Amino acid sequence: MRKLQLVVIIGLMVAVLMPSLALAGGDKASALIVVADTRVITETDYYHGFMRYLADAYNTNIVVFAIWCTVLTALYGVALGFLMDFLMSKTGLDLKSRKIIEH
Amino acid sequence: MKNIITIGMLILALVFSVNAMASEVIQGECLAYDASTNIVKVKEFDTNFSKEFKYGRPTANESELDLSNAQIGMKPEPKDILRIAYKVDGSKKVGLKVMNVSKQDLMKK
Amino acid sequence: MDWMIMYMPIAGVKIFWPGLVLIGFAVGTIGGFFGMGGAWMVTPGLNILGFPMAFAIGTDMAHIAGKSMVSTMRHSKFGNVDYKLGLVMIVGTMAGIEVGAQIVMVLERLGSVESVVRWVYVGLLALIAWLVFYDYYKATQKKKQGDVGEHGAEGITWYKTLHKIKIPPMMHFKAAGFTCSAWLPITASFVTGVLAGFLGIGGGLIRMPALVYLIGCPTHIAVGTDLFEVMISGLYGAFTYAIKGRIEIVAVFVMLTGAAIGAQIGTVATKYAKGYGIRIAFGIAVLCCMISIVLKEFKFNQAAAVLILGTIGVICAYIVKIMIQGAIEELHEKKSGNATVKAVH
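If you read the protein sequences in the order shown, they are chains H, U and A. Just so you know, we're using our numbering here: the first sequence kicks off at 7 and counts up by one. Just so you know, we're using our numbering here: the second sequence kicks off at 219 and counts up by one. Just so you know, we're using our numbering here: the third sequence kicks off at 72 and counts up by one.
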């Protein structure tokens, strides 16, 4: 678990620090600008509030949007992993003897 | 695990510290764009999209936006349909990002 | 039907979300089952569902990152990572991804990103299909000859020559147990990174053979190190595509949910699957995917969508069937086993 921790930390650090380099490279290549149409997202429930927040972040501060994307994706991935582990252990199948193949 | 949580907190703090993110979006037809002053004049469209009015119907509103500091993709020309994210600064509308909706075939599909 | 259409706030397109779940589920199932990244069908799949290509690639990248987190967390395979090698390779991988992403942006500006990416994909899928069928051919050949002809030994020694190249800095990798010029892993990971960033795939398909044959890594170290690279490249890819404004985060979540469920089914199904027939099915699926992309290129959009979703659906259903059948049998056996034990006592 310690090693794993280290890896996750390094991964996060790298993921957070690298974009500054990417930004320094200039945004010239992205000549196509996309603006999220926040006019269409009007409902005020949580789901749309979240959508609106993301779309606003996308329009005004792309770095914030990018951090959210990376962090949320990672967190959601981990959460799903744990949830699925839990569910699978409930099925009563013998999962220890399986061949572990991944990616 | 503690370290991960700490890092997560730091990131969240970073995210929330940049909170002045409210912006508006307007879409409409470019009436005029002055490259020297970077002022664009837009006839606003509404959000009633339909087959005939792919980009919404024209309204009576016309807006002027300052695009000096905006990210501009394809250069706006009169008759182009633009979608602009802007902030209101006093009485001025300051453009942040300009998307040339009609010229950009990224969205044509 | 309205509730089946989800509005994607960033890309501004309306997407048939069950299609997204199906793609995610299929990638999970097929990836888990064959032990191969299934990401190669996500980018074209998203594109066919109606995402602009640049969005499809970025979204796929983020989805890979999430998926790799799942498998990493679950298997803690990092015990087998050569960290030094992994860190050296990150340099190449990240630089490569950035270059790949930049190529996409330049092509997008030139207006030819869709075509180019599609054709590169067709090439890649042709290669995968060839590998699968060649593998099958070799296996049946061996069976016929009674396992006499032993090949493969020649290919494996490429790295010995490569290790002789002594461009400083030379590095020793303890866990992997070899010494070579740092430029060897950097170059290999850079090339993989470019392809990964360009196509929005994890790149394990290319990185694994590169690690084993070109760099000379023992297989178990290669697996761990590859997973490590996939995670990093996925996260970095997600970030860099997000910075470029080309990620539809909502779609990522929808797909991830499907993928997490699929991955379980796929991995469990490997326990019950036997024989080479399934490999052929996989090869055919890859070919169908390839044909679908070609159809899309020539604007037969409907046919392309039907073909790719149909193929994915069929192969998924097959794997699910294997898994359910196997699971039922196992649980049944367990029950009757318990019953006999009780009867004896």
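C-beta atoms are modelled at their ideal positions from N, C-alpha and C, and glycine is treated no differently. Given the structure is predicted, the values throughout are model-derived calculations rather than measurements.
- Using a Cβ-Cβ distance cut-off of 8 Å, the segment 169 to 184 of chain A and the segment 265 to 285 of chain A are in contact, since at least three pairs of beta carbons, one from each stretch, lie closer than that value.
- Taking a cut-off of 8 Å for Cβ pairs, the segment 122 to 142 of chain A and the segment 66 to 80 of chain H touch, as three or more such pairs fall below it.
- Check the Cα spacing between A:I395 and each of A:I383, A:E368, A:K342 and A:P80: the tightest is with A:K342.
- Interface with chain U (8 Å Cβ-Cβ cutoff): H:T66 is included.
- Apart from the 5 residues on each side of it in sequence, A:S363 sits with its Cβ closer than 6 Å to the Cβ of A375, L378 and I379 in its chain, given in chain order.
- Residues of chain A with a Cβ closer than 7 Å to the Cβ of H:F71 are, in chain order, A313.
- In this structure, the straight-line span from the alpha carbon of A:R350 to that of A:V203 is close to 7 Å.
- Beta-bridge analysis with DSSP links A:A344 to no other residue.
- Listed by position along chain U, the residues whose Cβ is nearer than 7 Å to that of H:T79 form an empty set, because the closest Cβ is around 13 Å away.
- At a cut-off of 8 Å, the C-beta of H:L38 has a neighbouring C-beta in chain U.
- Contact between A:A210 and A:D153 fails: their C-beta atoms lie close to 31 Å from each other, not under 8 Å.
- Taking C-alpha positions only, A:A352 is separated from A:E401 by approximately 25 Å.
- Taking 8 Å as the CB threshold, A:P80 lines the interface with chain H.
- By alpha-carbon distance to U:Q322, the top candidate from U:I299, U:V312 and U:K305 is U:I299.
- Within chain H, the C-beta atoms nearer than 9 Å to that of A:V323 come from C75, L78, T79 and Y82, in chain order.
- Within the segment 251 to 282 of chain U, T265 place their CB atoms closer than 7 Å to a CB of chain H, listed in sequence order.
- With contact defined as three or more Cβ pairs closer than 8 Å, the segment 278 to 291 of chain U and the segment 306 to 314 of chain U are in contact.
- In the displayed model, A:P123 falls within coil according to three-state DSSP, outside both helix and strand.
- Judged by beta-carbon spacing, A:V159 lies beyond the 8 Å limit of A:M77, meaning their Cβ atoms are not closer than that value.
- For H:G55, the nearest beta carbon of chain A is not closer than 8 Å to its own beta carbon.
- Here the alpha carbons of A:P289 and A:P280 stand approximately 11 Å from one another.
- With a cut-off of 8 Å on Cβ pairs, the segment 66 to 73 of chain H is not in contact with the segment 84 to 103 of chain A, counting fewer than three such pairs.
- In its chain, beyond the 5 residues on either side, E262 have a beta carbon closer than 6 Å to the beta carbon of U:N279.
- Collapsing the DSSP output to three states places A:T250 in a strand.
- Of A:G354, A:I393 and A:T258, the smallest CA-CA separation from A:Y208 is found for A:G354.
- Counting only the Cα atoms, A:S252 lies some 46 Å from A:G90.
- If you draw a straight line from the Cα of H:F92 to the Cα of A:F122, it is about 34 Å long.
- By the rule that beta-carbons nearer than 8 Å mark a contact, A:A127 does not touch chain H.
- Look at U:E280 here: in three-state DSSP terms it is strand.
- Selection U:F267, U:S320, U:E282 and U:P296 evaluated against U:L249 yields U:P296 as nearest (Cα-Cα).
- Chain-ordered, the chain H residues with CB closer than 7 Å to the CB of U:K315 read I39, V41 and N65.
- Sequence-distant Cβ neighbours of A:V391 in its own chain, meaning closer than 8 Å and more than five residues away, are T100, I336 and A340.
- Under DSSP, A:M165 shares a beta bridge with no residue.
- Here A:L196 really is in contact with A:C360; their C-beta atoms are around 6 Å apart, less than 8 Å.
- By the rule that beta-carbons nearer than 8 Å mark a contact, A:R350 does not touch chain H.
- With a beta-carbon spacing of about 5 Å, U:L283 and U:V258 fall inside the 8 Å limit used to define contacts.
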